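Numbering (my numbering), first residue to last: 895 to 1239.
The beta carbon of each residue, even a glycine, is placed where N, CA and C say it ideally should be.
The structure presented is a predicted model; accordingly, all values stated were derived computationally and were not measured.
Below you'll find the structure, written out as structure tokens, and then a few comments.
The structure is reproduced here in structure tokens:
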């Protein structure tokens, strides 16, 4: 056979997915935040949706809201299902995939949103190794497990798209020059790297599939609260031992807490979690809309929020200055990243 005899390969990328009606979507971290809002918007668009999370209660709320959205949009026949699963557990994710296949009686899915993640264990120097590994295992390992568990079902689809949630911390590995953020940033850089590698991998080995890497800035979600709970620091029910550990961590960062009572620290963490969610410049619903619009446009690199766009521009303009006080001061002078704490959701 000569080269001219070979079949002409299909053009890549394939046409975007512009209509979600009748498709099947899988979303990790569907109990709250962007995962919940993706579920609601997809259900209203006529898409069957399967979600997983570690909180059955949170997922029940998501399913109830999404069902109402679907009915209001005239999509009462949409199927929704939920499965309790820790994304860092490969076997649990395999069981989630089996659940989707059984509940929807299908061998294929069209959309995979690897969205779940937690933060914490900020320092490679001072953080407990188990805590650091847990953050990385959920935030990157969850994406890897999601890919491995659902790739067979994506391969069976006529057309599929994967959306992996990285972060602006996949561009910028800190929370400013005095805010170490090592486990989360390492995980989000890894998510970005894996996703960008899939651009070529899919073109070569699965040309019916496309992929997007999403890099949100500060989104109004419960990731701050959820991450505290995952680390044993539930601000509503923090034990004395947990308060003592947290006090030590804060003091190690250079903040004097000599005059703060244990109850003051509990209240401080509660306020920080509420402020992160309520004072964000971008809502979880707005972020979900940007993500779905990116699928429809087949956009592979997705920044969410004016703060994310400003950071991306600044990083390109000052690549060697990004971990200096002046770089952070410039972002904050323009009104970005002034709230501290976590970044995305």
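Per DSSP, residue 1102 has no beta-bridge partner at all. A residue is called buried when at least 16 other Cβ atoms come within 10 angstroms of its Cβ; residue 1064 meets this threshold and is buried. In this structure, the beta-carbon distance from residue 1067 to residue 1033 does not fall below 9 Å. Between residue 1011 and residue 1089, the CB-CB gap reaches or exceeds 9 Å. In the structure shown, residue 956 falls within a helical segment according to DSSP collapsed to helix, strand and coil. Taking the C-beta atoms as reference points, residue 924 is found nearer than 9 Å to residue 932. Residue 921 places its beta carbon less than 9 Å from that of residue 1007. Taking a 10 Å sphere around the C-beta of residue 1110, we find 16 or more other C-beta atoms and assign the residue as buried. Counted as a single uninterrupted DSSP element, the beta strand (DSSP E) harbouring residue 947 occupies residues 942-947. Note that the segment 1048-1062 does not touch the segment 989-997; fewer than 3 beta-carbon pairs, one per stretch, sit closer than 8 Å.
Judged by DSSP secondary structure, residue 1186 falls outside any beta strand (DSSP E) and instead within the alpha helix (DSSP H) spanning 1178-1191. The straight-line gap separating the alpha-carbon atoms of residue 1016 and residue 904 is approximately 45 Å.
Cβ-Cβ separation between residue 1113 and residue 928: approximately 7 Å, consistent with a contact (criterion under 8 Å). Secondary structure of residue 1071 (DSSP, three-state): coil. Here the segment 954-972 does not lie against the segment 1043-1051, with fewer than 3 beta-carbon pairs under 8 Å apart. Only residues of its own chain outside the window of five on either side were considered, and among them 1217, 1218, 1219 and 1222 have a CB closer than 7 Å to the CB of residue 1071, listed in chain order. Counting other Cβ atoms within 10 Å of its Cβ, residue 915 stays below 16 and is therefore classed as exposed. When secondary structure is reduced to three states using DSSP, residue 1046 falls in the helix class.
Per DSSP, residue 973 lies in no alpha helix (DSSP H) and is assigned neither H nor E. Judged by DSSP secondary structure, residue 988 falls within the alpha helix (DSSP H) whose first and last residues are 984-998. Between residue 1042 and residue 906, the CB-CB gap reaches or exceeds 9 Å. When secondary structure is reduced to three states using DSSP, residue 1030 falls in the helix class.
Contact annotation: residue 944 and residue 1030 have beta-carbon atoms that are not nearer than 9 Å. Of all alpha-carbon atoms in 1038, 1199, 1156 and 955, the one lying nearest the alpha-carbon of residue 983 is that of 1038. In this model, residue 990 and residue 974 are separated by some 14 Å (Cα to Cα). In this structure residue 1099 is exposed. Its beta-carbon is surrounded by fewer than 16 other beta-carbon atoms within 10 angstroms. Around the beta-carbon of residue 1230, 16 or more other beta-carbon atoms lie within 10 Å, marking it buried.
Beta-bridge pairing by DSSP links residue 1009 to no other residue. Sequence-distant partners of residue 1215 (beyond 5 residues in either direction) whose C-beta falls short of 7 Å from its own C-beta, in its chain, are 1221.
For residue 1207, there is no enclosing beta strand (DSSP E); the residue is found in the alpha helix (DSSP H) stretching over 1200-1211. When C-alpha distances from residue 1205 are compared across 1184, 1142 and 1061, the shortest belongs to 1061. Looking at the DSSP output, residue 1086 sits in no beta bridge, so it has no partner there. If you look at residue 927, you'll find it in the alpha helix (DSSP H) that goes 927-938.
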